[in-house]
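Asker: Just passing along the structure, written as structure tokens.
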Amino acid sequence: MSLVFFRQLIPRSTRPPYYLNSSCKVRLKQTVLGRPYASKSKIKYTADLVPGSRQPLATEEARSEYQKAETKMSAAVEWYRKEVAAFETRASGRVTPSLLAPVRVEVHGKGKEPVKLDEIATVGVKDGSMLIVTVFDENNMKAVEQAIYNAKLPGIVPQRQDSRTIRIPVPKPTVEARTALVSNAQRLAEDARVQIRRVHQASVKKGKYEKHSVELDEFRGLADKNVAEIDKILAHMKKTGTR
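This is the structure:
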């Protein structure tokens, strides 16, 4: 093939800026055929790529730690949900045994941890406006009274009726009482957020994940989701508790 004929095959815009000779065969090959790239088997198309937030955690250790963190964060959310449910009940003016759910009693012989009131007494409602607490063991009477005071529940003042019974008249909630309940809900919301952040920090510290890694994104997303749930519960409390 003559040099003239070969030059005619190459568009003018792509011709090399020098004459063809034995030392420029590689340059000519690159000009005509283009630069060599990776084989098709190694090519990755953007359609096949998965965003970092949707990629699975890389290791079994990371997945296990994620599940533990998710369980702990969910427990914090559920604890707050129950606390707010009790606040909403009190704000509505309904008298139910759940009004005394926050009460914890220190009982001798039950270990160091305080116990729930319903473990050592029954709580009933009389005339729709009064709680009746009946203690199983009269030796726990003083401890139960003190626990109800220590709970600092708005409008809740125990009155001893006999050696085993406590009467608690429940007044209708005032505007001030409802506002106080919302304030308590806000305080507990921050406690729950702090707990969620601590779980998140502990998991990240334990995993020693690299900056901008998928793991960091996943754990951050988990914490953000649970904090958002706390905010949602609090917003509902503010909406209904001040009516």
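Each residue of the sequence shown is one higher than the last, beginning at 0 in numbering that gives the first Met the number 0. Just so you know, even glycine gets a beta-carbon here, dropped at the ideal spot from N, CA and C.
1. Ordered along the chain, which non-local residues of its own chain (more than five positions away) have a Cβ less than 8 Å from that of residue 139?
2. Excluding sequence positions up to five away, which residues of its chain have a Cβ less than 8 Å from the Cβ of residue 158?
3. Measuring alpha carbon to alpha carbon, tell me which of 207, 171, 229 ends up nearest residue 193.
4. Kindly indicate which residue of 199, 205, 100, 126 has the alpha-carbon position closest to the one of residue 115.
5. Using only the alpha-carbon positions, how far apart do residue 79 and residue 124 sit?
6. Just to confirm the assignment, what range does the alpha helix (DSSP H) spanning residue 83 have?
7. Taking C-beta to C-beta, are residue 233 and residue 184 nearer than 8 Å?
8. Just how far apart, CA to CA, sit residue 217 and residue 172?
9. For residue 167, list the residues DSSP reports as bridge partners.
10. Given residue 129, which residues of its chain have a CB within under 8 Å of its CB, disregarding the five upstream and five downstream residues?
11. Please go through the segment 171 to 224 and give each complete alpha helix (DSSP H) segment of 4 or more residues, from N-terminal end onward.
12. Locate the alpha helix (DSSP H) running through residue 125, then write down its first and last residues.
13. Relative to the C-alpha of residue 181, which candidate in 152, 220, 196 has its C-alpha closest?
14. If you draw a straight line from the alpha carbon of residue 160 to that of residue 96, how long is it in whole angstroms?
15. Just the Cα atoms here: how many angstroms apart are residue 92 and residue 238?
16. For residue 188 and residue 198, I'd like the C-alpha separation in whole angstroms.
17. By Cβ distance, which residues of its chain are closer than 6 Å to residue 244, with the 5 residues on each side in sequence left out?
18. Return the first residue and the last residue of the alpha helix (DSSP H) that residue 151 is part of.
19. For residue 114, name the three-state secondary structure that DSSP assigns.
20. I'd like to check one pair, residue 65 with residue 221: are the Cβ atoms closer than 8 Å?
21. Suppose you measure from the CA of residue 89 to the CA of residue 209; what does that come to, to the nearest Å?
22. Please report how far the alpha carbon of residue 122 lies from the alpha carbon of residue 148, in whole angstroms.
23. Hey, would you say residue 102 sits closer than 8 Å to residue 150, going by beta carbons?
24. Can you tell me whether DSSP reads residue 104 as helix, strand or coil?
25. Pull up the DSSP beta-bridge partners for residue 160, would you.
Answerer: If we stick to the structure as given:
1. 104, 106, 119, 120
2. Beyond the five residues adjoining it in sequence on each side, residue 158 comes within less than 8 Å, by CB distance, of 165, 166, 167, 168 in the same chain, given in chain order.
3. 229
4. 100
5. 25 Å
6. 59 to 91
7. The answer is yes: Cβ separation under 8 Å.
8. 43 Å
9. DSSP links residue 167 through a beta bridge to 130.
10. 94, 166, 167, 168, 169
11. 174 to 206
12. Taken as a continuous stretch (DSSP letters only), residue 125 belongs to no alpha helix (DSSP H), being part of the beta strand (DSSP E) at 120 to 125.
13. 152
14. The straight-line gap separating the alpha-carbon atoms of residue 160 and residue 96 is approximately 18 Å.
15. 16 Å
16. Counting only the Cα atoms, residue 198 lies some 16 Å from residue 188.
17. Lying before the first or after the last residue shown, residue 244 is absent from the chain, which here runs from 0 to 242.
18. From DSSP, residue 151 is part of no alpha helix (DSSP H); its letter is neither H nor E.
19. strand
20. yes
21. When rounded, the separation of the alpha-carbon atoms in residue 89 and residue 209 is 48 Å.
22. 16 Å
23. yes
24. Note: residue 104 maps to strand in three-state DSSP.
25. None, per the DSSP bridge assignment.
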